[in-house]
Amino acid sequence: MKRVWPFAVSGVILVAIGLVWTLQGLNVLGGSAMSGSTLWAVIGPIVLVVGLVLIGIAIAIAVRRRRETRGRPGGAPPTP
17 MKRVWPFAVS GVILVAIGLV WTLQGLNVLG GSAMSGSTLW AVIGPIVLVV
67 GLVLIGIAIA IAVRRRRETR GRPGGAPPTP
């Protein structure tokens, strides 16, 4: 059974990093050598999308797990 939290935490961190890199690349967020650099304006959204995909995977795993445990006494996971 896959755990949800590694995907969710990694996704949130990557979304935050991607957002910061994008804003720095677009020179909206200054104070860094990355500010105003087109490279970071391109890399940032890519990292942000990867983070969103990881969050989507975490949600899909959680929904599937919830559906699998529905109807069992106490919501217990299936026995192997």
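Its first residue numbered 17, the sequence shown is counted upward by one per residue in the numbering used here. For glycine and all other residues, C-beta sits at the position ideal for the given N, C-alpha and C.
Item to check | Own chain, CB closer than 8 Å to Phe23, minus 5 neighbours either side, in chain order | outcome: Translated into positions along the sequence shown, residue 23 becomes position 7. Around Phe23: Leu70, Ile71, Ile73, Ala74, Ile77.
Checklist entry - For the alpha helix (DSSP H) that contains Val69, what are its first and last residues? => result Locating residue 69 in the sequence shown gives position 53, counting from the first residue. Start and end: 54 to 85.
Checklist entry - What distance in whole Å lies between the Cβ atoms of Val63 and Trp37, which are believed to be in contact at a cut-off of 8 Å? => result The residue you call residue 37 lines up with position 21 of the sequence shown. The residue you call residue 63 lines up with position 47 of the sequence shown. Their Cβ separation, rounded to whole angstroms, is 6 Å, which keeps Trp37 and Val63 in contact under 8 Å.
Item to check | Close-in-space but distant-in-sequence residues of the same chain around Leu53 (CB under 6 Å, 5 per side omitted) | outcome: Taking the sequence shown and counting its residues from 1, the one referred to as residue 53 is at position 37. Leu is not the amino acid found at residue 53; the sequence shown has Ser there. Hits under 6 Å: Gly41.
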